[in-house]
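Q:
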Amino acid sequence: IDFYDACMRFYKEKTYERVKRFYATFDKKDEPTVINHVWYSSTMDLLRQVDWDYMANGIPGQFHGDFHFENILYNNENDKFEFLDWRQNFGDSKTTGDVYYDLAKLLHGLIVSHELVAKEEYSIIWESNEIIYDFNRKQMLVKCEEYYYQWLEANGYDVNKVKTLTALIFLNIAALHHYPYALILMALGKEMLGNALEKK
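This is how it looks when you write it as structure tokens:
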């Protein structure tokens, strides 16, 4: 019960708060939007369609909390991976997190390369209810994303749940980043969430 409640707060309550903060910070209106020529409902409407009960029923276990490639090293001498910058808590818990959250954080790193973001290899036009955006991706990561979906499915994980959580991650971090990159994150999160809900 405690784990379920922690997931509910971490996923649902935090997402609603962060999305509201984004629209206030960047003076944007949350409305139905055409993103890269496809129509999507408002962000809040999409969030209301999420099955939060299912999202909060995660897999309790040891967690990293910021599981992306800048925090993963490979040790050639020991032939093993080593992880950096572990988060100290998952919501209110200091011992248990959701395995699905780490899986989603890894997918987030496959989709958006921080190296290319640092080089500002992205573009966005956000006008009223239409958004056109693009960002460069490494072909290697695009291929790894395909393999990752296969690995998730082969190991019994719900691929669409990982995609949904990844969309929520983008929506959450948008309010914390700089303009105009923050706009990319919001548009990407909204687009990804809409697609995951449609597939479900």
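Using my numbering, you'd call the opening residue of the sequence shown number 3 and step up by one each time. Where a beta carbon is used, it is the ideal one built from N, C-alpha and C, also for glycine. As the structure is a computational prediction, the values presented were derived from the model and not from experiment.
Do Phe24 and Met194 come within 9 Å of each other at the CB atom, strictly closer than that value?
A: As a working note, residue 194 is residue 192 in the sequence shown. As a working note, residue 24 is residue 22 in the sequence shown. It is not a contact, given that the beta carbons lie outside the stated cut-off.
Q: Spatial neighbours of Thr45 within its chain, please: CB distance less than 6 Å, with the 5 preceding and 5 following residues excluded, ordered by chain position.
A: As a working note, residue 45 is residue 43 in the sequence shown. Once the five neighbours on either side are set aside, the close Cβ partners of Thr45 are Val21, Asp32 and Lys192.
Q: What's the gap between the Cα of Lys82 and the Cα of Ile74?
A: For the purposes of this step, residue 82 is identified with residue 80 of the sequence shown, where counting begins at 1. For the purposes of this step, residue 74 is identified with residue 72 of the sequence shown, where counting begins at 1. Approximately 10 Å, taken between the alpha carbons.
Q: For Gly173 and Arg11, what's the separation of their Cα atoms in angstroms?
A: Locating residue 173 in the sequence shown gives position 171, counting from the first residue. Locating residue 11 in the sequence shown gives position 9, counting from the first residue. Position check: residue 173 holds Leu in this sequence, whereas Gly was assumed. So the two alpha carbons sit approximately 15 Å from each other.
Q: What does DSSP give as the partner residues of Thr35 in its beta bridges?
A: Translated into the one-based positions of the sequence shown, residue 35 becomes position 33. According to DSSP, which records beta bridges pairwise, Thr35 is partnered with Tyr42.
Q: Taking only three categories from DSSP, how would you classify Tyr219?
A: The displayed coordinates of the chain run from 3 to 202. Any statement about residue 219 would go beyond what the structure contains.
Q: Taking the runs of the beta strand (DSSP E) that are 3 residues or longer, which of them lie wholly in the stretch 52-97?
A: As far as the stretch 52-97 is concerned, its whole beta strand (DSSP E) runs of at least 3 residues are 74-77 and 82-85.
Q: Put Phe12 into one of helix, strand or coil per three-state DSSP.
A: Along the sequence shown, one-based indexing puts residue 12 at 10. Correct three-state label for Phe12: helix.
Q: Quick check on DSSP: helix, strand or coil for Gly191?
A: Reading the sequence shown from its first residue, position 189 is the one you call residue 191. It is helical.
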